[in-house]
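Participant:
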Amino acid sequence: MENKIKAYNNILELIGKTPLVKLNRITENLTGDFYAKVEAFNPGHSSKDRIAIHIIEEAERKGLLKEGSTIIETTSGNTGFSIAMVSIIKGYKCILAVSSKSSADKIDMLRSMGAEVYVCPAHVSADDPRSYYQVAKRLHDETKNSIYINQYFNELNMEAHYRSTGPEIWEQTSGQITHLVACSGTGGTISGTARFLKEQNPNIKVIGVDAYGSVLKKYHETGTLDTNEIYPYRIEGLGKNLIPTATDFEIIDEFIKVSDAESAHTAREISKTEGMFVGYTSGAAMQALKQLDAMEVFDKDSKVVVIFPDHGSRYMSKIYSDQWMEDQGFFEANQVEEKQEIQY
Ligand code: PMP
Numbered sequence: 001m002e003n004k005i006k007a008y009n010n011i012l013e014l015i016g017k018t019p020l021v022k023l024n025r026i027t028e029n030l031t032g033d034f035y036a037k038v039e040a041f042n043p044g045h046s047s048k049d050r051i052a053i054h055i056i057e058e059a060e061r062k063g064l065l066k067e068g069s070t071i072i073e074t075t076s077g078n079t080g081f082s083i084a085m086v087s088i089i090k091g092y093k094c095i096l097a098v099s100s101k102s103s104a105d106k107i108d109m110l111r112s113m114g115a116e117v118y119v120c121p122a123h124v125s126a127d128d129p130r131s132y133y134q135v136a137k138r139l140h141d142e143t144k145n146s147i148y149i150n151q152y153f154n155e156l157n158m159e160a161h162y163r164s165t166g167p168e169i170w171e172q173t174s175g176q177i178t179h180l181v182a183c184s185g186t187g188g189t190i191s192g193t194a195r196f197l198k199e200q201n202p203n204i205k206v207i208g209v210d211a212y213g214s215v216l217k218k219y220h221e222t223g224t225l226d227t228n229e230i231y232p233y234r235i236e237g238l239g240k241n242l243i244p245t246a247t248d249f250e251i252i253d254e255f256i257k258v259s260d261a262e263s264a265h266t267a268r269e270i271s272k273t274e275g276m277f278v279g280y281t282s283g284a285a286m287q288a289l290k291q292l293d294a295m296e297v298f299d300k301d302s303k304v305v306v307i308f309p310d311h312g313s314r315y316m317s318k319i320y321s322d323q324w325m326e327d328q329g330f331f332e333a334n335q336v337e338e339k340q341e342i343q344y
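Residue numbers (full-length UniProt numbering): 1 to 344.
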């Protein structure tokens with residue numbers, strides 16, 4: 001036996017190279033073959049590990065970060081967790097301004113990973129001084145030796161996925177992918193992945209998933225930000241009330257909108273049919289597949305890759321809580337699922 005310890009040097013070496021897993025039962029009535037890129041396999045349990053390490057290491061290469069520097073970000077939770085994780089290993093301080101819409105589990109988790117967390121009101125405009133954007137900007141101005149990740153407006157976000165997620169999917173599908181379906185929040189995942197894939201094969205169709213209550217789909221179609229499209233919704237990490245420059249709208253062929261209720265039920269259905277315990281936006285992405293199938297976007301030769309961005313454990317007090325589902329009126333809104341009976 002070789003006398004060598006087979007261990008990773010630290011947790012960051014596990015970022016990326018996530019598995020592609022065929023979907024079997026939930027896609028039974030859909031036309032084509034469907035594969036999920038399961039981003040929960042990253043050590044921080046989401047796709048955001050990829051951008052955290054890429055942006056932080058680029059800042060190190062540019063000499064912007066040294067031992068003891070501070071990293072600041074606005075985040076729905078996942079990016080924060082990833083930045084906190086990278087900061088611990090690399091010896092930086094992490095400050096996060098998060099929306100009050102984020103689940104309590106996510107906020108507790110960020111604090112457990114050593115981050116300093118500011119919870120800011122969700123339903124104020126981006127230029128309101130209480131918004132998480134303005135709070136993060138102020139903290140950046142006030143903190144010496146700090147960098148602001150600014151994921152919605154940072155081109156390195158897209159580049160992280162251009163360099164990792166795109167090549168991985170191309171290699172894992174042996175170039176046979178015909179459609180990419182991915183949620184759009186900052187738009188970094190879909191834009192960077194799509195840019196790489198379309199460079200290999202321009203015929204690949206790229207479909208972004210947006211939420212009712214978000215402006216992305218309408219902006220893609222009209223080129224203008226329609227504030228009438230904006231209203232509160234429950235899905236975290238998907239859609240936006242502004243136009244992020246981290247999204248390359250040109251590379252996305254179309255957007256499709258999904259509802260809070262159907263996305264929540266579909267996430268629960270993925271867990272029960274495929275044994276994959278996924279987050280809310282994975283449900284949104286899967287819901288989009290069902291709607292696209294009903295629109296006859298796919299044929300029997302389609303090889304569709306859908307990105308499942310994070311893990312279900314982050315939503316125990318939300319979509320995986322029957323009480324929460326009931327409080328939202330989601331059991332009435334969608335009768336596909338019976339409430340679970342507790343057995344004693
Ligand atoms: N799903 C979840 C759970 C997220 O946190 C995010 C990021 N906001 C997304 C999807 C969308 O990814 P992106 O920001 O790369 O568009």
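Each residue gets a CB set at the ideal place from its N, CA and C atoms; glycine is no exception.
On a predicted model such as this, the values are computed, not experimentally measured, just so you know.
Okay, do the stretch 143-163 and the stretch 63-76 touch, 3+ Cβ pairs below 8 Å being the bar?
Facilitator: yes
Participant: Could you spell out the range, first to last residue, of the beta strand (DSSP E) harbouring residue 99?
Facilitator: Looking up residue 99 in the sequence shown gives position 99. Under the DSSP assignment, residue 99 falls in the beta strand (DSSP E) whose first and last residues are 93-99.
Participant: Is DSSP giving residue 231 helix, strand or coil here?
Facilitator: Your numbering for residue 231 matches position 231 in the sequence shown. Residue state, collapsed to three classes: coil.
Participant: Tell me the residue span of the beta strand (DSSP E) that contains residue 112.
Facilitator: For this step, residue 112 is matched to residue 112 along the sequence shown. Counting along the chain, residue 112 falls outside any beta strand (DSSP E), though it belongs to the alpha helix (DSSP H) covering 104-112.
Participant: Taking only runs that begin and end inside the stretch 27-51, name each unbroken beta strand (DSSP E) of 3 or more residues, in chain order.
Facilitator: The qualifying runs are 33-38.
Participant: If you follow the alpha helix (DSSP H) that residue 140 is in, where does it begin and where does it stop?
Facilitator: For the purposes of this step, residue 140 is identified with residue 140 of the sequence shown, where counting begins at 1. For residue 140, the enclosing alpha helix (DSSP H) covers residues 132-142.
Participant: Mind checking whether residue 353 and residue 303 have CB atoms under 7 Å apart?
Facilitator: Limits of the chain in this structure are 1 at one end and 344 at the other, which puts residue 353 out of reach.
Participant: Please classify residue 186: is it buried, with 16 or more other beta-carbons within 10 angstroms of its beta-carbon, or exposed?
Facilitator: Residue mapping note: residue 186 aligns to position 186 of the sequence shown, counting from 1. By the beta-carbon neighbour count (other beta carbons within 10 angstroms, threshold 16), residue 186 is buried.
Participant: Report all residues from its chain with a CB closer than 6 Å to the CB of residue 238; omit the five preceding and five following residues, and keep chain order.
Facilitator: Locating residue 238 in the sequence shown gives position 238, where the first residue counts as 1. For residue 238, where only same-chain residues beyond five positions count, the Cβ hits under 6 Å are 183, 185, 211, 281, 284.
Participant: Under the DSSP definition of a beta bridge, which residues are partnered with residue 211?
Facilitator: Taking the sequence shown and counting its residues from 1, the one referred to as residue 211 is at position 211. Answer by DSSP bridge pairing, in chain order: 258.
Participant: Does the separation of the CB atoms of residue 347 and residue 122 fall below 7 Å?
Facilitator: What is shown of the chain runs 1 to 344, which leaves residue 347 out entirely.
Participant: Can residue 312 and residue 277 be called in contact, C-beta distance under 7 Å?
Facilitator: Here residue 312 corresponds to residue number 312 of the sequence shown, with the count starting at 1. Here residue 277 corresponds to residue number 277 of the sequence shown, with the count starting at 1. Contact: yes.
Participant: Which class does residue 243 belong to by DSSP, given the choice of helix, strand or coil?
Facilitator: The sequence position of residue 243 within the sequence shown is 243, counting from 1. Here residue 243 sits in coil by DSSP.
Participant: Report buried or exposed for residue 260, applying the criterion of at least 16 other Cβ atoms within 10 angstroms of its Cβ.
Facilitator: In the sequence shown, counting from the first residue as 1, residue 260 sits at position 260. Per the 10 Å Cβ criterion, buried.
Participant: Inspect the CB distances between the stretch 12-31 and the stretch 108-117 and report whether three or more fall short of 8 Å.
Facilitator: no
Participant: Where does residue 293 sit, in a helix, a strand or coil, going by DSSP?
Facilitator: Within the sequence shown, residue 293 is the residue found at index 293, counting from 1. Residue 293: helix per DSSP, three-state reduction.
Participant: Using only the alpha-carbon positions, how far apart do residue 342 and residue 70 sit?
Facilitator: Along the sequence shown, one-based indexing puts residue 342 at 342. Along the sequence shown, one-based indexing puts residue 70 at 70. In this prediction, residue 342 scores a pLDDT of 49, lower than 50, which makes its location untrustworthy; the coordinate-derived value is nonetheless stated afterwards. If you take the alpha carbons of residue 342 and residue 70, they lie about 46 Å apart.
Participant: So, at 8 Å on beta carbons, what are the nonlocal neighbours of residue 345 in its own chain, with the 5 sequence-adjacent residues on each side left out?
Facilitator: Because the chain is modelled from 1 through 344, residue 345 falls outside the range shown and cannot be assessed.
Participant: Report whether the distance from the Cβ of residue 120 to the nearest heavy atom of the ligand PMP is below 6 Å.
Facilitator: Along the sequence shown, read from residue 1 onward, the residue named residue 120 stands at position 120. Every heavy atom of the ligand PMP is 6 Å or more from the Cβ of residue 120, so no.
Participant: Can you give the Cα-Cα distance for residue 305 and residue 275, rounded to whole angstroms?
Facilitator: Against the sequence shown, residue 305 aligns to sequence position 305. Against the sequence shown, residue 275 aligns to sequence position 275. Residue 305 and residue 275: Cα-Cα distance of roughly 18 Å.
Participant: Cβ atoms of residue 191 and residue 251: under 7 Å apart, would you say?
Facilitator: To locate residue 251, count along the sequence shown from 1; it is residue 251. To locate residue 191, count along the sequence shown from 1; it is residue 191. Taking a C-beta distance under 7 Å as the contact criterion, residue 251 and residue 191 qualify as a contact pair.
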